[in-house]
Structures are given as structure tokens and as C-alpha cells.
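A.B. asks: Quick note: the sequence shown uses UniProt numbering, first residue 1, plus one each step.
For every residue, glycine included, the Cβ atom is placed at its ideal position computed from N, Cα and C.
I have a structure I would like to understand better, so I am pasting it below and will then ask my questions one at a time.
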Amino acid sequence: MTTLVFGHKSPDTDSTGSPIIWAWYLNEVKGGDAEAVLLGEPNTEAAFVLEKWDLPKPRIISSVDADQPVVIVDTNNPAELPDNINDADITGIIDHHKLVGGLETKGPIDIRIEPLACTATIMWKMIGKDMAQAPAWVQGAMLSCILSDTLEFRSPTTTQEDKAIAYDLARDLGIDIPLYAAEMFEAKSDVSAFSDAELLRMDSKEYTVDGTEFRVSVLETTAPKIVLDRKDSLMASMVDVAKEDGADEVLLFVVDILNEEATMLIPNDRVKGVAEKSFGANVTGDTVVLPGVMSRKKQIIPNLKV
């Protein structure tokens, strides 16, 4: 049976590119039968990367069959996976997030979780010498994932391994990193076609703090004004999105990639309290700027307090 390889819902560049990379490795190097799939439409940056490297968009699935062999990448959180994920035969997990718990396997599996900025960095290390036979599109997907997850090395999650591997890949591909990253971020910043609800769910994760259910959403952009000009309608949509998704609050952080700061929207007193307790912010309006805040994984979620 074909092994399905997929990342989390609301796939970003890493959760789009890493399944493609690992399916190539399982098929072409290990001699297996694997298919990369997605758990939703890729974001605009991921769509740009697919076009840039002439990669077909993987098919989108919403559930898995019982006993379906799967490899999970870029997450180990059941909330970010199909509801029936524990019915599948999970054969591997490759991730760079904290261990959440809740997944059940049918036997011993291969797990690789490392404190690196990007899943593709881990894959580069796992593939090892076999990277010599990787086609340009595999290398391009890897480079794109690393530049996306590190925000071109601006994110505090960036490690020296991420940077060194990215520079090696860029050299082999003849890619100018600043120019290519600028193209990627420009694509990521084009959110004009998305509704407010789609923006709030585009790059979001569920997180519980002392019994309060949050949907923590991040929009990374080089043009924050485009998003912030919609703040009134975004804050109005937060109410509906929270209700539909079973959350108490939606927290939205608009990350300014170039100025290395985040603007948090403050729709009500509860979110104001979260901003003040979590980040020591002095909130006087419906937004607050958080200097240096770039990473949900390292700077936002670990600090959330209610």
C-alpha cells in the first residue's frame, strides 16, 4: 500500500515542501511507494514555491483510511492532523516542534525530532550522502522551506545548521538567497484574494492556556500595512472564527519580516490582558507592537498567559 506523507493543516511552505522531499526519498532512494499529500490549500508562498520549481501541487485529503501507512512531517500534534489519524498506520514522524502527545501507533516507528528551525533541515541530515543524487527541485524545495521557516535567518529559531545547509543548497543551485527570499516573502505578503476568516486560519495553531482555548494565528509579511488596514474587519471576524472553531479567542500577530516585530490585534479586554501578562505590553488601543517578536513557536506560544 502506498505510504502517504503529509504535514499539518493549513500547509505553509515547510508543510508543503517537506512531504514532497520525503516522498522523493522514499521512492527514489529507498525503493518504496510513497505519495506526498496536503491537508489543505497551500498558502501563497508555498504556491509560489511549487510554481518556481515546477512541482505539481499534491492532492488534498481530509481523512485517512484505517491502516493507511503514513509518515507525518512538520508536526506531531493530533489537533493539526486528520481527526481519524490514530486509525492510520503511522510509520514515521519527522518534526522540529515540541512533543505534544496523543498520537497512537500500531507498532514501533521511526521518530526524528530536533530543535532546528525547519523540517527540511532535518531531512537533509537524514538523507545524508544520498543528497548527491537529489534533483534540483528537491534541493530547491529544501532551500525554500528553510528560508521560509527561518524568515531568511531572522527568526530566533534559526540555528547554524539551518544556515549552513541553506547556503550549501543555494550555492549548488546558483541561487542568490536575499533575492530569492524577497520573491518568496512578496508572494507570502499577497493576501488580497483571501477573506478575513481565511487569513485568520491561514497559519494558525490551537493552544490551551489554563483552560482557555486559543487559536493563535500568525501572518508573516513584508507589507504589514496591507493586513493592518483590514484590522477592523479582521477583529469582527475573530468572533465568528472562534465560535466556529471551538476557541475562546483568536489571537492574531502580524509579523513584519523586515522590521523584525509583530503587531498584535486587541479586539477586547481579555486579549488586552493576554498581551499585558504575556509580553509586558502597554496596550492603549486596538493594536500593540511587540519589538523583536518573530516566532510563534519560540516567542509567542511559550509566553502566553491569561
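1) Roughly how many angstroms separate the alpha carbons of Ile109 and Ile85, rounded to a whole number?
2) For Gln160, count the other beta carbons within 10 Å of its own beta carbon; 16 or more makes it buried, fewer makes it exposed. Which is it?
3) Here's a check: name, in chain order, each residue in its chain whose Cβ is nearer than 8 Å to the Cβ of Val293, leaving out the five neighbours to either side.
4) Taking 6 Å as the limit between beta carbons, can you name the residues of its chain near Ile72, skipping five residues before and five after?
5) Counting Cβ pairs closer than 8 Å, one from the segment 112-124 and one from the segment 161-172, do we hit at least three?
6) At the level of alpha carbons, what is the spacing between Tyr25 and Ala36?
7) Between the segment 141-159 and the segment 281-296, can you find at least three pairs of beta-carbon atoms closer than 8 Å?
8) Tell me the residue span of the alpha helix (DSSP H) that contains Ser144.
9) My parser needs the alpha helix (DSSP H) runs of 4 or more residues fully inside the segment 227-267; what are they?
10) Can you name, in chain order, every residue of its own chain whose Cβ lies under 6 Å from the Cβ of Ile177, other than the five neighbours on each side?
11) Considering just the uninterrupted stretch of the alpha helix (DSSP H) at Ser278, what are its terminal residues?
12) In chain order, what residues of the same chain have a beta carbon less than 6 Å from the beta carbon of Ala88, not counting five sequence neighbours either side?
13) Met184 and Ser217: beta carbons closer than 8 Å?
C.D. replies: This is what the structure holds:
1) 15 Å
2) exposed
3) Phe253, Val255, Glu261, Ala262, Phe279, Gln299 and Ile300
4) Ile93
5) yes
6) 11 Å
7) yes
8) Ala136 to Thr150
9) 231-245
10) Ala170
11) Asp269 to Phe279
12) Val64, Gln68 and Val70
13) no
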